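Novice: Mind having a look at this structure? Questions to follow.
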Amino acid sequence: MAEQKKKHKKRRTATRAAASIGPMVKEFIAGTVRAQREGAQKLAYSFIVCHHEEILRAMDVLPIWTENFAGVCGAKRDAERFLQRAESLGFSRSLCTYALCGLGFDHWREELGEMPPDAPWGGQARPDFMISTGQILCDPRAKWYQAAQQYMPDVPIYNIDLPYPLYHPDRDHREELPYYHKYIVEELKGLIAFVEEQTGKKMDYERLWERVRLSDKTWNLIEATYDLRSAIPCPMGTGDAMNTMVPINFMMATQDAYDFFLNLKQELEEKIKKKEGVVENEKYRLLWGGGLPSWFALGDFNYFNSKGAVFPAETTYRMVAPIAEMNIPKTDDPVEHLAWRWLGYWTFWYDKARQRKGGEPDVERLINYIERYKIDGVVMHEAFSCRTWHVGLIWQLHQLAKIYKPIPVLRLGKDGNKTQAWRENPSLVLESDIIDITSYSEVDTRNKIDAFIDTLESVAKSRVD
Amino acid sequence: MKCVMGIDMGSFRVKGVLWCQGSESVTFECPSGGDFEATARRAQKELLLISGRSANEIVGVLSTGYGSKSVMFADETRSDIACQCIGVHALFPSARTVIDVGDLHSKVFSLDENGAPLKFLLSGNCAGGSGRVLQIIAKVMNMKVEEIGEVSLKSKKPVDFSTGCVVFAESEAVSRLAEGVPKEDLLAGIHRALSSQINSLAERLGIEEDVVLVGGGARNPGLVKTLREVMGRDILVPEGPHMTAAYGAALLAGSLYNFKEM
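Chains as they are written, first to last, in this note's numbering: chain A, 35 to 499; chain B, 584 to 845.
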């Protein structure tokens with residue numbers, strides 16, 4: 035018997051680039067508080083994935099990413115007091131917990147006239163204006179700032195609506211694009227007019243073009259960098275990518291974001307050269323196929339690693355696509371370009387999905403990543419409070435299992451003969467929340483991961499290729 | 584003689600199987616209690632006592648279940664799903680879907696013709712979809728959990744429970760009792776509510792026959808009956824359905840040490 039044989043597996047360190055993100059975010063949050071105090075720059079509550087960073091940066095507006103701050107509260111396991119405050123104001127816990135955390139914080143800050151005690155990383159600064167969004171990705175983002183305005187009635191809101199054509203297997207979306215494009219251009223121009231009014235400055239369109247070109251260049255660099263993760267062993271996992279999402283989503287249109295990915299690319303190339311992987315003995319390659327992470331439980335990625343599993347790819351927060359493959363029409367107007375890029379991103383998988391029977395863009399993206407990154411299994415996270423995004427995850431897994439069976443196995447027929455068959459990639463759905471830790475059980479989560487690893491092992495054994 | 588041991592350290596009960604080559608396996612079970620490590624040692628001791636074997640005859644121990652990592656004398660640990668699949672496959676080679684109604688969760692998983700797990704789903708973090716709800720309702724009724732299944736079978740008019748939440752179910756049960764609803768109707772209602780939740784989980788996973796029911800919940804005839812009704816299909820139940828994970832753990836330990844068939 036093996037009395038006291040169990041030994042603790044060494045925790046793998048993150049890439050240097052990912053490790054640098056924490057201090058970067060901390061400084062960013064501190065910077066917004068400083069800027070507010072000094073009054074040199076206007077501050078705007080903003081949401082990610084709205085293609086307006088270039089506009090804000092070109093007009094010297096400092097975005098305050100409210101989803102980011104809620105995530106920071108979650109990661110520091112200090113969101114509960116803000117969630118409870120929001121509940122005491124009458125908001126239900128079943129609403130988006132990012133929004134609840136932000137509303138609880140805002141109410142507290144406004145009530146005190148200063149930051150709440152021990153506010154995470156110095157707290158979230160009071161904005162000069164707010165830019166909400168009615169875009170399809172997430173419905174609370176249209177209402178969150180309206181609710182926040184109850185506590186900050188003097189802070190104006192501009193709501194930007196960024197739609198895109200829905201997928202239809204038998205209809206070419208390109209026919210509808212001009213209509214959508216025209217609408218989005220008007221929305222972005224409306225935002226520019228609003229920001230001009232708030233800042234008292236006129237937009238410098240040459241400067242805007244510079245920012246747009248910098249973003250495009252950064253998009254392509256991110257694609258090239260993340261493609262390096264297809265190497266075996268994988269040099270960087272999703273645990274790290276939940277850090278490196280910061281330059282993608284919060285720093286786009288800045289030189290810092292571009293430089294960050296230049297450094298990361300170089301680091302990954304060095305790791306690949308040295309055959310240095312996230313785990314020493316890589317057994318399973320997994321795809322984080324959807325869902326925001328539980329920010330308070332990122333250590334679960336290390337737990338996967340301790341089982342020999344690594345995540346070379348994720349769909350979450352990879353909010354870029356190769357610009358060259360989008361066929362963006364040439365234009366002299368940076369606003370028109372932004373609108374085309376928005377549509378190009380959201381319809382990127384449409385044509386590929388139409389080529390597969392039963393195809394669907396989100397599922398096609400999963401299949402593409404499974405093949406490109408040599409994936410053995412898919413993991414998703416269903417966060418109870420994030421309805422808009424997470425509600426379709428199970429459907430995606432079902433559809434994936436239905437149309438894509440890449441694993442050759444032998445099946446025993448009723449006649450006793452074995453015949454070759456194909457089966458789907460194993461999948462795991464974790465259940466918790468983005469920042470509400472009361473929804474999380476570490477024991478249950480890790481038991482699920484253990485069972486999933488056993489499933490991967492048995493599937494690997496049953497492969498006949 | 585060489586022996587192997589499988590320990591299923593559940594949150595409610597610990598189950599152990601000792602298998603010595605060339606002889607019948609022996610089993611032991613007891614409540615898990617608050618100290619998992621001590622309970623695991625007790626199970627080890629009792630198994631040796633019952634079998635008349637000595638500790639140095641044991642060449643391998645495999646632990647599984649909620650508290651598997653508390654079994655400090657185990658050589659290997661495997662998930663309960665992997666062990667259940669092996670245990671169930673040994674008893675029912677035709678099984679393709681397994682429903683495990685445990686104390687903290689209900690689990691549904693599919694397995695292939697070799698007994699290997701293919702996919703699985705667990706009931707949510709709320710205990711409303713697990714065997715725990717039956718324990719809580721039994722307490723409300725001042726009955727033993729082992730009794731409530733039989734009583735529920737006498738029901739002529741099961742109560743409709745409007746919730747799957749265990750806390751709400753408890754308060755609803757208290758209200759219904761106060762209204763004078765017969766115990767058997769109330770119990771049949773809670774069994775039906777649990778069966779509906781398990782069925783939803785199974786439908787979500789995808790059901791392939793044969794379906795086997797295991798875990799402590801499978802010892803409850805009321806749950807077996809309502810689950811068959813709600814799912815509209817036959818469900819196989821092994822003898823000692825709560826022991827299958829421990830049995831599978833012993834089999835897996837045996838295969839690691841090249842034992843012949845049990």
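All C-beta atoms in this analysis are idealised placements derived from N, C-alpha and C, irrespective of residue type, glycine included. Nothing here was measured: the structure is a model prediction, and the numbers come from that model.
1. Just how far apart, CA to CA, sit B/Pro-824 and B/Leu-694?
2. Is there a Cβ of chain A sitting closer than 8 Å to that of B/Gly-649, yes or no?
3. How is A/Met-186 classed by DSSP in three states: helix, strand or coil?
4. Secondary structure at B/Cys-668, three-state DSSP: helix, strand or coil?
5. Name the residues in the stretch 682-713 of chain B whose C-beta lies less than 9 Å from a C-beta of chain A; which are they?
6. Is A/Thr-259 close to the ligand ADP? I mean its beta-carbon at under 7 Å from any heavy atom of the ligand.
7. Quick one, which residues of the stretch 782-798 of chain B are near chain A if we go by CB-CB under 8 Å, in chain order?
8. Compare the C-beta of B/Ala-832 with all C-beta atoms of chain A and state if any pair is closer than 8 Å.
9. Quick one: what does DSSP say A/Thr-365 is sitting in, helix, strand or coil?
10. Note down, in chain order, every chain A residue with its Cβ under 9 Å from the Cβ of B/Arg-715.
11. Could you name the residues of chain A that B/Arg-624 contacts, counting a contact when the two beta carbons are closer than 8 Å?
12. What are the start and end residues of the alpha helix (DSSP H) that includes A/Phe-103?
13. Of all the beta strand (DSSP E) runs that stay within the bounds of the stretch 307-352 of chain A, which reach a length of 3 or more residues?
14. Counting only beta-carbon separations shorter than 8 Å, does A/Asp-488 have a partner in chain B?
15. Out of curiosity, what's the CA-to-CA distance linking A/Val-369 and A/Trp-243?
16. Which of the three DSSP states is assigned to B/Ser-615 in this structure?
17. Classify A/Thr-453 as buried or exposed, calling it buried when 16 or more other Cβ atoms lie within 10 Å of its own Cβ.
18. Under 8 Å between the Cβ atoms of A/Cys-84 and A/Gln-183?
19. For A/Tyr-407, does the three-state DSSP call read helix, strand or coil?
20. Across the stretch 73-91 of chain A and the stretch 55-62 of chain A, are there enough close Cβ pairs to call them in contact, namely three or more that are closer than 8 Å?
21. So which residues on chain C does A/Lys-482 lean against when the C-beta distance must stay under 7 Å?
22. Look at the alpha carbon of B/Gly-552 and the alpha carbon of A/Cys-130, and state the distance between them as a whole number of angstroms.
23. Tell me which same chain residues have a C-beta within less than 8 Å of the C-beta of A/Leu-117, skipping the five on either side of it?
24. With H, G and I counted as helix, E and B as strand and the rest as coil, what does DSSP make of A/Tyr-213?
25. Would the stretch 416-432 of chain A and the stretch 318-328 of chain A be scored as touching if the rule is three or more Cβ pairs under 8 Å?
26. If you measure from the beta carbon of B/Arg-557 to each beta carbon in chain A, is any gap under 8 Å?
27. What does B/Arg-661 reach in chain A if we use C-beta pairs closer than 7 Å?
28. Determine whether the Cβ of A/Ser-461 lies closer than 8 Å to any Cβ atom of chain B.
29. What's the C-alpha gap between A/Leu-377 and A/Arg-115?
30. At 3 residues or longer, and completely inside the stretch 760-840 of chain B: list those beta strand (DSSP E) runs for me, N to C.
31. Report the neighbours of A/Ser-492 on chain B: residues whose CB is nearer than 7 Å to its CB, in chain order.
32. Listing by chain order, which chain B residues have their CB less than 9 Å from the CB of A/Arg-497?
Specialist: Judging by the given coordinates:
1. Translated into positions along the second sequence, residue 824 of chain B becomes position 241. Translated into positions along the second sequence, residue 694 of chain B becomes position 111. About 17 Å.
2. Reading the second sequence from its first residue, position 66 is the one you call residue 649 of chain B. Contrary to the premise, residue 649 of chain B reads as Tyr rather than Gly in this sequence. By this cut-off, B/Tyr-649 is an interface position.
3. The residue you call residue 186 of chain A lines up with position 152 of the first sequence. Under the three-state reduction of DSSP, A/Met-186 is assigned to coil, being neither helix nor strand.
4. Position 85 of the second sequence holds residue 668 of chain B. In the structure shown, B/Cys-668 sits in a helix (DSSP, three-state: H, G or I).
5. Residues are counted here when their Cβ sits less than 9 Å from a Cβ of chain A; for the stretch 682-713 of chain B these are Leu-687, His-688, Lys-690, Phe-692, Leu-694, Asp-695, Glu-696, Asn-697, Gly-698, Ala-699, Pro-700, Leu-701, Lys-702, Phe-703, Leu-704, Leu-705, Gly-707, Asn-708, given in chain order.
6. This structure simply doesn't include the ligand ADP, nor any ligand for that matter.
7. Of all residues in the stretch 782-798 of chain B, only Arg-787 place a beta-carbon less than 8 Å from a beta-carbon of chain A.
8. Looking up residue 832 of chain B in the second sequence gives position 249. Taking Cβ atoms only, chain A never reaches closer than 8 Å to B/Ala-832, which makes this a no.
9. One-based indexing of the first sequence puts residue 365 of chain A at position 331. Looking at A/Thr-365 - three-state DSSP - the assignment turns out to be coil, as it is neither helix nor strand.
10. Mapped onto the second sequence, residue 715 of chain B falls at position 132. The premise fails here: B/Arg-715 is roughly 13 Å from chain A at the closest Cβ pair, so nothing lies under 9 Å.
11. Taking the first residue of the second sequence as position 1, residue 624 of chain B is located at position 41. Close to B/Arg-624, with beta-carbon spacing below 8 Å, lies no residue of chain A; the smallest spacing is near 11 Å.
12. By one-based count along the first sequence, residue 103 of chain A stands at place 69. Element bounds for A/Phe-103: 100-109.
13. Taken in chain order, the whole beta strand (DSSP E) runs of length 3 or more contained in the stretch 307-352 of chain A are 318-324, 343-348.
14. Here residue 488 of chain A is taken as the residue at index 454 of the first sequence, counted from 1. Answer yes: the Cβ-Cβ gap between A/Asp-488 and chain B drops below 8 Å somewhere.
15. Residue numbering aside, residue 369 of chain A sits at position 335 when the first sequence is read from its first letter. Residue numbering aside, residue 243 of chain A sits at position 209 when the first sequence is read from its first letter. Going by the C-alpha atoms only, they are around 9 Å apart.
16. Reading the second sequence from its first residue, position 32 is the one you call residue 615 of chain B. Coil at B/Ser-615, not helix or strand.
17. For the purposes of this step, residue 453 of chain A is identified with residue 419 of the first sequence, where counting begins at 1. Classification of A/Thr-453: exposed, given that the 10 Å Cβ count is below 16.
18. If you number the first sequence from 1, residue 84 of chain A lands on position 50. If you number the first sequence from 1, residue 183 of chain A lands on position 149. Taking 8 Å as the cut-off, the Cβ atoms of A/Cys-84 and A/Gln-183 do not count as close.
19. Taking the first residue of the first sequence as 1, we reach residue 407 of chain A at position 373. Here A/Tyr-407 sits in coil by DSSP.
20. Because the criterion of three Cβ pairs below 8 Å is not met, the stretch 73-91 of chain A and the stretch 55-62 of chain A do not touch.
21. No chain C is present in this structure, whose protein chains are A and B.
22. Residue coverage of chain B in this structure runs from 584 to 845, which leaves residue 552 of chain B outside it and unanswerable.
23. Position 83 of the first sequence, counted from the first residue, corresponds to residue 117 of chain A. Taken in chain order, the residues that qualify are Arg-127, Thr-131, Leu-134, Cys-135, Gly-138, Ile-469, Asp-470.
24. Translated into the one-based positions of the first sequence, residue 213 of chain A becomes position 179. A/Tyr-213: helix per DSSP, three-state reduction.
25. Touching, per the Cβ criterion.
26. One cannot answer for residue 557 of chain B here, as it falls past the ends of chain B, which runs 584 to 845.
27. Within the second sequence, residue 661 of chain B is the residue found at index 78, counting from 1. Around B/Arg-661, the beta-carbon contacts reaching into chain A at under 7 Å are Asp-488.
28. Position 427 of the first sequence, counted from the start, is the residue given in the question as residue 461 of chain A. Judged by the 8 Å Cβ criterion, A/Ser-461 is in contact with chain B.
29. The residue you call residue 377 of chain A lines up with position 343 of the first sequence. The residue you call residue 115 of chain A lines up with position 81 of the first sequence. The straight-line gap from Cα to Cα measures roughly 39 Å.
30. Within the stretch 760-840 of chain B, the complete beta strand (DSSP E) runs of at least 3 residues fall at 794-797.
31. Start at 1 with the first residue of the first sequence, and residue 492 of chain A comes out as number 458. The answer, in chain order, is Ala-699, Pro-700.
32. For the purposes of this step, residue 497 of chain A is taken as the residue at position 463 of the first sequence. For A/Arg-497, there are no C-beta contacts with chain B under 9 Å, since the nearest C-beta of that chain is about 11 Å from it.
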